[in-house]
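Asks: Have a look at the structure that comes next, please.
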Amino acid sequence: MVNGLNQYTSVNGQTALYDANGNLTNDNGTLYSYDDENRLRGTSGMSIAASTLKYDPLGRLYETTINGIKTTFLYDGDALVAEYNASNSLIKRYVHGDQVDEPGYSDETAAVGSGNWRYIHADHQQRDCI
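Under my numbering, the letters of the sequence shown match residues 454 to 583, in that order.
Here it is in C-alpha cells:
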C-alpha cells in the first residue's frame with residue numbers, strides 16, 4: 454500500500470515507518486539511519502546485513518562496511534574511478550568517457566584486468582548506474 458507521498462505504508466502486512474524528512478526508518482525490523490543531509494548512514498536488523506556508509510565533505514560516498522566487509526571508493530572529480538577492499542587492493546575500476554554523460558565501463562573481477570567489463574550509463578538523476 455502506498456500513501457500520497459509515494460511511500461509504502463506496509464509491506465506484506467508489516468508497517469513501514471518514516472522520519473519527518475520522509476526517510477524510511479523501520480521496515481519489518483530493519484532499521485535505517487540517516488545524516489543531516491538525508492543520506493543513508495547505516496542499516497541494522499535481523500533480516501539485513503549490518504552496514505555503515507560514510508561520505509566525504511563533497512557528499513560522495515567514500516566508504517561502506519557491509520557485514521564487516523569494508524569498501525573504499527576513489528573519485529576523479531564527480532566520477533567514481535575505483536573501489537578498494539580493506540587491504541587497499543583494487544577490486545573494481547571504472548573508465549568514463551571524456552564528456553559529462555558519455556558512457557563508460559567497469560572492470561569488476563577478483564583479478565582486475567581480466568576483461569569482465571560492464572556498460573555504465575547515467576540514471577534519471579545523472580548518477581552512474583551499471
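The beta-carbon is built from N, C-alpha and C at its ideal position, and this holds for glycine as well.
(1) In terms of alpha-carbon separation, which member of Y515, Q467, G466 and L477 lies closest to N459?
(2) Taking 8 Å as the limit between beta carbons, can you name the residues of its chain near E490, skipping five residues before and five after?
(3) For A502, which residues from the same chain have a beta carbon less than 8 Å from its beta carbon, with the 5 sequence-adjacent residues on both sides left out?
(4) Taking DSSP as the reference, what is the three-state secondary structure of S504?
(5) Tell me which residues share the same chain as T505 and place their Cβ nearer than 6 Å to its Cβ, disregarding the 5 neighbours each side in the sequence.
(6) Can you name, in chain order, every residue of its own chain whose Cβ lies under 6 Å from the Cβ of E536, other than the five neighbours on each side?
(7) Assuming L484 and G498 form a contact by the criterion Cβ under 8 Å, report the distance between their Cβ atoms to the nearest whole angstrom.
(8) Give me the Cα-Cα distance between G482 and Y471, rounded to the nearest whole angstrom.
(9) For A473, name the three-state secondary structure that DSSP assigns.
(10) Taking just the CA atoms, how far does L493 sit from G457?
(11) Measuring straight from C-alpha to C-alpha, what distance separates A539 and E516?
(12) Quick one: what does DSSP say E516 is sitting in, helix, strand or coil?
Replies: So, from the listed chains and residues:
(1) L477
(2) Y508 and G512
(3) T496, I519 and N520
(4) strand
(5) G495 and T518
(6) T524, F526, I544 and K545
(7) 5 Å
(8) 13 Å
(9) coil
(10) 22 Å
(11) 10 Å
(12) strand
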